[in-house]
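The sequence shown begins at 1 in the UniProt record's numbering and counts up by one.
The next block holds one structure in the form of structure tokens; read it before the comments.
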Amino acid sequence: MNGSELPSAPRSFPGRASERAPAPAPRRGRDRRAAVLPAHPGRDRADRDGPRCAVVGGGIAGIAAATLLAERGVRVTLYEREASLGGRLAGWPVELADGSAATMSRGFHAFFRQYYNLRGLLRRVDPGLERLRPLPDYPLLHGSGLYDSFARVPRTPPWSALGFAALSPSFGVRDLARMNPRAALPLLDVRLPGVHDRYDDMSARELLDRIRFPEKARHLAFEVFSRSFFADPGELSAAELALMFHIYFLGSSEGLLFDVPDEPYPQALWEPLARYLEGHGVDIRAGAPVTGVESAPGGGHLVHGPSGTERFDALVLALDTAGLRSVAAASPTLCDEAWRTRVAALRTAPPFLVTRLWLDRPVAPGRPGFLGTGGHGPLDNISVLDRWEGEAARWAGKTGGSVVELHAYAADAATGPEPVGRELVERLHRVYPETASARIVDRRDEWRQDCPLFAVGSHADRPTVDTPDPTVTVAGDLVRTDLPVALMERAATTGFLAAGAHLRRWGLRGQTLWTVPRRGRSAVLRATARAYGEY
């Protein structure tokens, strides 16, 4: 079974009464300067016949919104078009050529320690985050042979950036001498709001050119991040790159090491959270796409789904770019025309390919669980899943093989998946030569194009959590917010914010949130950037 063959029937998840206990608030990590956004006050729970809210989209953002609403006693229906929850972190069962059962997904995701609100969501069912396993390093390999590591880089700014430059072989003395410090100084003073006013009109590549960032270090230190947005650096807004620099380097002391789930996403994350939601009365409708909404007589909204039309007091639209465009286009009474026009203009990033290989022999013992790559054609990273995922490790232990996953971000749509997939495997053989003699027991390829594009100059037109209609909110990693969050953490944070906006209107208590600081950490560095930087 591949991704296009998922069953469409709704799936139900058994609830557990023990999961009705009040959930802990999200916790911050080691950074004492992490910023807190206090919950707005209000009643702890709605009345028994309280408001009804439809959450459209069962990814991270939708699950976060449904969780908070249900914990406050709101009657929630969660619609998800796919057969299972998780959105871009969903997984589904497959049968391998050797008869083994396995779980396929859309590929590796890093759970950074700065993801306070995502971790707060996961703590609902895993208070100690025991399902997350730390990887010991975040290594980066360039095609020239240069190798970088974050294992020994200090975590506290500004020593993190200085330590990376000092330890990295991609920074030479001549390279450092050629850099334009005045162009780089404003990165020490990233502020939210404000960073998009400064940088959204140029591309990430233009910013790096202006700084005269060393070419080899650029591939390793920056393009790895920019391509994590599934975009070529020439298309990505420099504001998003500056924001990433702030979140991971100079704005947070959590560092760049990260955790990964110890089992596939459904087993480790979404099935426990689905049981938690159902324990709080959420009606989960997987395999149930919403085809449109319209204003209901007397107020509220009519939601059109495969099981008919239902009325709700409020909506949370937690859809991907194409899904939000589709619902908005099919809903002429949703919000207003100007809002629908802006949604219609949203773009998706170029396609990406995930190729997973079940090999009949192991990779070399010293290979890391995850390796970021630059200068290797379309190959952006290699994961050896049996180093950290239980299901893959059990298959490898049974067969003596290994499970390897390859990613190509921002692939050429005109090239198509087959040529890209062939080159990914060829590049794997060059980087890990022992794999060239391995027999591929099974192979799965996922070619997708549904990630948001943070294009140059697009920030102002992206949707915010609030809309012209106070009974409609939007959540997801495509959403514009003035908080220093990105990727999965942006999805979780905006999910809580989207739910919180409705709770505030209903007089119900909100959710405490955490973020990295909203501006550069050092007053001296901020003053230096303002005095001498190129603004």
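We treat Cβ as the ideally placed atom computed from N, Cα and C, and that holds for glycine.
Distance CB(residue i)-CB(residue j) smaller than 8 Å
i    : j    : result
E240 : F370 : no
A54  : G281 : no
D482 : T473 : no
R75  : R52  : yes
P214 : R198 : no
F258 : Y409 : no
R356 : R444 : yes
R325 : L346 : yes
R519 : R174 : no
A486 : L243 : yes
V431 : T373 : yes
P266 : S84  : yes
V404 : W395 : no
P368 : G91  : no
W270 : G86  : yes
T512 : A39  : yes
R275 : T77  : no
L256 : F150 : yes
S522 : G375 : no
V516 : S252 : yes
P41  : R509 : yes
Closest by C-alpha distance to residue i, when choosing among the options
i    : options                : result
F230 : G251, P351, A392, G421 : P351
C451 : G59, R43, L37          : G59
C359 : S437, E426, P419, V125 : Residue 359 is actually Leu in this sequence, not Cys. Minimum Cα distance to L359 is reached at S437.
D283 : A498, G500, E80        : E80
G421 : H407, R430, V431       : H407
H429 : A328, R178, L236, V363 : V363
R361 : E337, T399, A475       : T399
D386 : D47, T103, G279        : T103
L96  : Q267, E263, V441, G73  : V441
G323 : Y147, G107, G476, G91  : G476
A288 : V524, G50, V56         : V56
G366 : M488, P433, R504       : P433
G401 : S383, E489, R439       : R439
L89  : A529, D336, A491, F245 : A491
T309 : V293, S522, G194       : V293
A296 : S307, R285, R311, P306 : R311
D320 : E82, S105, E130        : E82
W514 : S522, W506, F496       : F496
L273 : A501, A66, A499, T528  : A66
R33  : P157, D98, R530, L118  : P157
R205 : R178, G279, A238       : A238
A101 : T415, R182, E391       : E391
In DSSP terms, what residue i is bridged to
i    : result
C53  : V76, A314
L132 : P261
G308 : G305
D36  : Correcting the residue type first, residue 36 is Val in the shown sequence and not Asp. Partner(s): W514.
W270 : None, per the DSSP bridge assignment.
T464 : R480
V153 : Its beta-bridge partners do not exist; DSSP assigns none.
G91  : S105
G292 : H304
I284 : L78
A455 : L236
E446 : V354
L359 : S402, I440
E142 : In the sequence as presented, Glu is not what sits at residue 142; that position holds His. Paired residue(s): G374.
Y147 : L141
L508 : R43
F112 : F258
T473 : V316, D466
Inter-residue CB distance, residue i and residue j (contact presumed, cutoff 8 Å)
i           : j    : result
residue 541 : A413 : Lying outside 1 to 535, the shown extent of the chain, residue 541 is not represented and no answer is given.
E315        : L250 : Residue identity differs from the one stated: residue 315 is Leu in this sequence, not Glu. With 8 Å as the limit, L315 and L250 do not qualify as a contact, their Cβ atoms being about 38 Å apart.
R155        : N180 : Incorrect: roughly 27 Å between the Cβ atoms, too far for contact.
L132        : F111 : 6 Å
H459        : H196 : 4 Å
V290        : V327 : 6 Å
V354        : R106 : 6 Å
P468        : W339 : 5 Å
E254        : D31  : 6 Å
E534        : N117 : About 34 Å; that fails the 8 Å criterion.
L135        : V260 : 6 Å
R462        : V479 : 7 Å
CB contact check: residue i to chain C, cutoff 8 Å
i    : result
Y116 : The structure shown contains no chain C; it holds only a single protein chain.
### Task
Tell me the start and end of each unbroken alpha helix (DSSP H) in the region 180-245 that is at least 4 residues and wholly inside, in chain order.
As far as the region 180-245 is concerned, its whole alpha helix (DSSP H) runs of at least 4 residues are 181-184, 195-199, 204-211, 224-227, 238-245.
#### Entry: Start-end ranges of the alpha helix (DSSP H) lying completely within the region 321-355, minimum 4 residues
The region 321-355 contains these whole alpha helix (DSSP H) runs: 321-329, 337-344.
### Query
If you scan the region 369-442 from start to end, which runs of the beta strand (DSSP E) of 3 or more residues do you find wholly inside it?
370-374, 381-384, 402-408
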